Amino acid sequence: MTQFVNLRGKRLAFSAKESSSIPPGASGLIYPKDAGFIITDEQSVERLFIEHDKATGISWFLKVGRRGLRRWFEPTNDETLKAFGLDILDYNASILLAGRIHQQCRKYLSAASGH
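Residue numbers (the numbering used here): 3 to 117.
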């Protein structure tokens with residue numbers, strides 16, 4: 003059974019491992035990578051990364067681009083961020099949303115591994 007994560011109007015299918023297969027009804031994927039989670043668009047292109055700092059317990063979104071990962075701290079007109087509804091969020095709102103999604107994904111990942 004596919005589990006979904008809602009991200010400001012996007013319905014992301016959760017996968018316990020890296021995948022490029024988007025199930026019906028999903029508008030992208032979210033899966034673990036390194037110390038966080040990758041978010042893809044409808045074509046399975048990596049667009050965002052949720053990074054989590056274990057020391058502080060804070061999570062945040064990073065934009066995946068040609069030159070690596072990039073942070074942003076204020077509303078922006080960036081097309082990737084607009085596509086995921088993150089362009090209008092201020093720093094605090096984006097931190098709260100990233101934390102909620104990170105927790106939800108950790109729970110799904112734990113259930114998938116049987117812990």
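All C-beta atoms, glycine included, are put in the ideal place defined by N, C-alpha and C. Predicted model, so just to flag it, every value in this text is computed and none were measured.
Residue i versus the options, residue with shortest Cα-Cα distance
| i | options | result |
| --- | --- | --- |
| D89 | A113, C107, F63 | F63 |
| I41 | K56, P26, F6, D55 | F6 |
| A57 | L50, R68, A37 | A37 |
| E48 | S61, V66, C107, A18 | V66 |
| S46 | D80, E20, I60, S61 | E20 |
| S112 | K12, I24, A18 | A18 |
| R108 | R13, S61, P26 | S61 |
Three-state secondary structure assigned by DSSP to residue i
| i | result |
| --- | --- |
| T82 | helix |
| K109 | helix |
| S61 | strand |
| L88 | coil |
| I24 | coil |
| A100 | helix |
| A15 | strand |
Distance, residue j Cα to residue i Cα
| i | j | result |
| --- | --- | --- |
| A15 | S29 | 8 Å |
| L9 | E44 | 13 Å |
| S22 | L31 | 8 Å |
| T82 | P34 | 20 Å |
| I52 | F39 | 5 Å |
| G1 | R68 | There is no way to answer for residue 1, as the model of the chain reaches only from 3 to 117. |
| T4 | Y93 | 31 Å |
| K84 | H54 | 22 Å |
| G87 | G101 | 16 Å |
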